[in-house]
Ligand SMILES: [Zn+2]
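Below you can see the structure in the form of structure tokens.
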């Protein structure tokens with residue numbers, strides 16, 4: 054199913070849609086979630102929480118979205134969280150030079166070229182304004198943070214461009230008050246804000262985005278904990294900087310130095326496990342190894358967890374070995390000692406980060422779950438991710454069947470998200486439920502009035518089964534239970 058089809062269906066069924074849709078020229082890069090999208094996102098985040106946060110004994114925080122300027126001085130965002138842009142001399146349209154070059158030449162260009170390097174390439178390839186064909190300016194830089202002013206004096210502050218900075222800043226306090234030891238992961242789910250120059254594919258590049266981030270703090274001298282061993286035997290596809298692919302165990306990649314250590318291998322495997330549990334086929338997941346040129350300067354190793362979609366391989370998680378760059382920087386600028394005790398030794402922990410895009414991941418889960426052609430669409434979501442767990446239908450709208458179905462729906466609503474539907478044929482009602490991933494439909498017929506049983510119809514197998522009403526809650530509980538946290 055194509056990107057456009059998924060987005061259209063998502064809008065029609067109320068998963069997500071463009072912000073301020075009814076206003077012409079409302080800016081790109083913003084998104085509203087509808088009722089089904091909110092429910093799906095909540096369940097997807099809960100699956101992440103169980104698979105990553107709880108399974109690994111991490112802490113979870115929820116930091117403020119506005120942070121003072123000093124935080125972004127220390128993090129390096131003020132100086133270098135910039136994108137290059139060029140401007141049309143005639144119509145004023147703004148473009149990213151790397152994207153223009155990509156379109157013109159069909160090649161990909163590193164994001165980290167200098168402005169003169171972009172200017173030279175732009176000149177050589179003869180790129181002109183895409184809108185009016187006029188000449189373009191030289192490359193300039195645009196800081197992608199949204200600036201805000203606090204109070205009447207408009208004290209300089211910024212909407213966070215990533216959730217992780219509060220995790221770094223809060224680390225000494227959390228380490229002390231939560232009585233934890235290294236290694237420890239600290240997680241956060243929340244909004245981040247990036248003033249992208251020209252966001253195009255709606256859900257893939259947003260200006261206001263949802264992230265689920267994990268920062269793992271560890272002693273770089275202790276990366277061989279026995280609890281990391283399991284991941285050594287896990288096999289994944291890797292895309293290497295030279296364009297070749299390999300599919301070997303993480304243990305083999307640790308031995309080759311492609312994955313820096315066993316701790317990193319453990320977290321890569323945990324992240325992939327989450328996507329498999331979310332319904333992404335294992336063979337559709339790969340880790341792209343970033344070359345030194347493509348990594349941030351402080352990064353010691355970086356992997357993009359990518360998933361194969363209709364629009365190509367899409368990065369869903371940035372997995373980044375950040376060394377002591379973050380804690381070192383915040384220590385220097387704030388004047389606080391960010392070192393902690395590890396078995397009697399004072400260490401400045403290293404950080405391995407798993408930065409997941411929730412909006413992209415939600416899109417991925419929807420696209421990969423869609424089956425069928427034309428009018429008949431089935432969203433084969435894992436039942437524990439389904440926004441609605443059951444539809445309840447009276448076979449006909451008379452003789453007390455409506456009342457029986459409504460009463461059961463009310464009772465089930467206590468513990469589940471269910472809906473009642475009496476309009477149209479049973480076939481139409483099944484189809485509407487299938488299209489939004491409802492795993493079971495429950496039909497009330499004349500036998501229900503005699504023996505208090507109903508028909509349960511399974512979305513994926515289309516099998517029907519007779520079940521007592523008194524059993525429904527147990528059935529739904531079993532069906533929608535999350536997978537076990539540990540294998
Ligand atoms: Zn122009």
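Residue numbers (my numbering): 54 to 540.
Just so it is clear, CB atoms sit at the ideal spot from N, CA and C, and this is done for glycine as well.
Residue i: first and last residue of the uninterrupted beta strand (DSSP E) it sits in
{"i": "residue 391", "result": "Here residue 391 belongs to no beta strand (DSSP E), and DSSP marks it neither H nor E."}
{"i": "residue 120", "result": "119-121"}
{"i": "residue 444", "result": "443-447"}
{"i": "residue 84", "result": "84-86"}
{"i": "residue 524", "result": "Note, residue 524: premise wrong, no beta strand (DSSP E); not H, not E."}
{"i": "residue 355", "result": "354-362"}
{"i": "residue 137", "result": "135-140"}
{"i": "residue 350", "result": "Premise fails: residue 350 is in no beta strand (DSSP E) and is neither H nor E."}
{"i": "residue 473", "result": "471-473"}
{"i": "residue 71", "result": "69-71"}
Residue i: CB within 7 Å of a non-hydrogen atom of ligand 1
{"i": "residue 107", "result": "no"}
{"i": "residue 408", "result": "no"}
{"i": "residue 251", "result": "no"}
{"i": "residue 190", "result": "no"}
{"i": "residue 478", "result": "no"}
{"i": "residue 187", "result": "yes"}
{"i": "residue 143", "result": "yes"}
{"i": "residue 481", "result": "no"}
{"i": "residue 193", "result": "no"}
{"i": "residue 157", "result": "no"}
{"i": "residue 217", "result": "no"}
{"i": "residue 275", "result": "no"}
{"i": "residue 152", "result": "no"}
{"i": "residue 184", "result": "yes"}
{"i": "residue 133", "result": "no"}
{"i": "residue 146", "result": "yes"}
Contact belief for residue i with residue j at Cβ below 8 Å, rounded distance in angstroms
{"i": "residue 150", "j": "residue 169", "result": "Their Cβ separation, rounded to whole angstroms, is 11 Å, which puts residue 150 and residue 169 out of contact at 8 Å."}
{"i": "residue 166", "j": "residue 418", "result": "Residue 166 to residue 418, Cβ: 34 Å. No contact."}
{"i": "residue 374", "j": "residue 392", "result": "Between residue 392 and residue 374 the Cβ distance is about 19 Å, and since that is not below 8 Å, they are no contact."}
{"i": "residue 180", "j": "residue 189", "result": "7 Å"}
{"i": "residue 367", "j": "residue 333", "result": "Actually they are not in contact, since the Cβ atoms of residue 367 and residue 333 sit about 11 Å apart, beyond 8 Å."}
{"i": "residue 264", "j": "residue 175", "result": "So it is not a contact: roughly 32 Å between Cβ atoms."}
For residue i, the three-state DSSP class (helix, strand or coil)
{"i": "residue 513", "result": "coil"}
{"i": "residue 306", "result": "helix"}
{"i": "residue 293", "result": "coil"}
{"i": "residue 376", "result": "strand"}
{"i": "residue 245", "result": "strand"}
{"i": "residue 488", "result": "helix"}
{"i": "residue 113", "result": "strand"}
{"i": "residue 432", "result": "strand"}
{"i": "residue 209", "result": "strand"}
{"i": "residue 160", "result": "coil"}
{"i": "residue 104", "result": "helix"}
{"i": "residue 337", "result": "helix"}
{"i": "residue 263", "result": "strand"}
Enclosing alpha helix (DSSP H) for residue i [first to last residue]
{"i": "residue 218", "result": "217-230"}
{"i": "residue 65", "result": "56-66"}
{"i": "residue 199", "result": "Taken as a continuous stretch (DSSP letters only), residue 199 belongs to no alpha helix (DSSP H), as it is neither H nor E."}
{"i": "residue 466", "result": "454-466"}
{"i": "residue 422", "result": "411-422"}
{"i": "residue 502", "result": "499-504"}
{"i": "residue 320", "result": "315-330"}
{"i": "residue 171", "result": "168-178"}
Straight-line gap, residue i to residue j (C-alpha atoms, nearest Å)
{"i": "residue 345", "j": "residue 161", "result": "16 Å"}
{"i": "residue 436", "j": "residue 99", "result": "13 Å"}
{"i": "residue 295", "j": "residue 341", "result": "11 Å"}
{"i": "residue 511", "j": "residue 458", "result": "18 Å"}
{"i": "residue 454", "j": "residue 475", "result": "10 Å"}
{"i": "residue 272", "j": "residue 328", "result": "28 Å"}
{"i": "residue 503", "j": "residue 412", "result": "47 Å"}
{"i": "residue 266", "j": "residue 113", "result": "10 Å"}
{"i": "residue 255", "j": "residue 217", "result": "23 Å"}
{"i": "residue 491", "j": "residue 443", "result": "6 Å"}
{"i": "residue 484", "j": "residue 88", "result": "19 Å"}
CB contact check: residue i to chain B, cutoff 8 Å
{"i": "residue 264", "result": "This model lacks chain B altogether; it includes just one protein chain."}
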